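In the numbering used here, the protein residues as written are 133 to 412.
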């Protein structure tokens, strides 16, 4: 009989797919198979939240989609949020501010993280291979002042530090929905997308954001929440924009009025490209 190839040869020829399979099969990890297992270490991804709830915090469907796709990609995830008060609290049944009520961004974000969350001040590039910012109005209210000040907005000090640190380290940054404005403000010349630049009868209700992104000095790239190919293809293509120079990956998500599964798959495209850029 022919001799079996060595584990190292198998890893070289089969790549990440085999690494994932071996990781699942071995209770002790890949080290149980071969000492070179360290080369197949999972990507370590930080996810930055901005509260809990679309109108005053993180968009929960987007956060869940990010986490599901990271899980499928075999990533190790740690969630963070700034330990600051929310800009305000919105009664989500009415869409109106709840007077005389205040909440903390970190405390509210812990609801999504099931309690496993840390202050954004503790996030460092040394501990992570990539960072992802889900959307929701919290990105424009709690991580920045974009909701109030538009192109003249300020970005939370820790958020700015994280974006600059990951960019300087050449590590990928993923953003969806409204959160690309953070990269547009902090990373000069970055290419991002929030979808289309015209409302098109209400399909893109936040299309004006694209103009503000341009005024911030970034390049806006028109993308779909789901490409036209999805209508005719058995293997739909959902769109994310990859700025390869700056390693910034963005997707429109709920900037578009479309079906939830399109949002989910668009975020999947963003996550997939972030993980690809980590090289893990």
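We put the CB at the ideal spot given by N, CA and C, even for glycine. Predicted model only: the values in this text are computed from it and were never measured.
Item to complete: Give every residue of the same chain whose Cβ lies closer than 8 angstroms to the Cβ of residue 348, excluding the five residues on either side of it in the sequence, and list them in chain order.
Response: 283, 313, 316 and 317
Worksheet item: Quick one: what's residue 249 bridged to in DSSP?
Response: 211
Discussion item. At a cut-off of 7 angstroms, would you count residue 387 as near the ligand COA, judging by its Cβ distance to the nearest heavy atom?
Written reply: Ligands are entirely absent from the displayed structure, and the ligand COA is therefore not among its contents.
Worksheet item: Among the residues of its own chain, which have a CB less than 8 angstroms from the CB of residue 167, if the five just before and after it don't count?
Response: For residue 167, the predicted structure reports a pLDDT of 36, less than 50, and the residue's modelled location is therefore unreliable. The matter cannot be settled from this model.
Practice prompt. Starting from the C-beta of residue 308, find all residues in its chain whose C-beta is less than 7 angstroms away, skip the five residues before and the five after it, and write them out in chain order.
Written response: 194, 266, 267, 382, 383, 385, 399 and 402
Discussion item. Here's a check: name, in chain order, each residue in its chain whose Cβ is nearer than 8 angstroms to the Cβ of residue 302, leaving out the five neighbours to either side.
Written reply: 379
Worksheet item: Who are the near neighbours of residue 173 in its chain, counting only those whose CB is closer than 7 angstroms to its CB and skipping five residues on each side?
Response: 412
Discussion item. Check whether the region 243-250 and the region 286-306 touch, using three or more Cβ-Cβ pairs below 8 angstroms as the test.
Written reply: no
Worksheet entry | Of the residues 183, 213, 304 and 354, the one placed nearest residue 408, counting alpha carbons only | 304
Fill in: residue 396 to residue 323 span [Cα, whole Å]
22 angstroms
Item to complete: Pair every Cβ in the region 226-233 with every Cβ in the region 194-212, then say whether three or more of these pairs are closer than 8 angstroms.
Response: no
Item to complete: Quickly, what does DSSP pair residue 306 with across the bridge? List them, please.
Response: 264 and 381
Worksheet item: What residue range is occupied by the uninterrupted beta strand (DSSP E) comprising residue 374?
Response: 373-375
Discussion item. Suppose only complete runs of 4+ residues qualify. What are the alpha helix (DSSP H) ranges in the region 319-349, listed by chain order?
Written reply: 340-347
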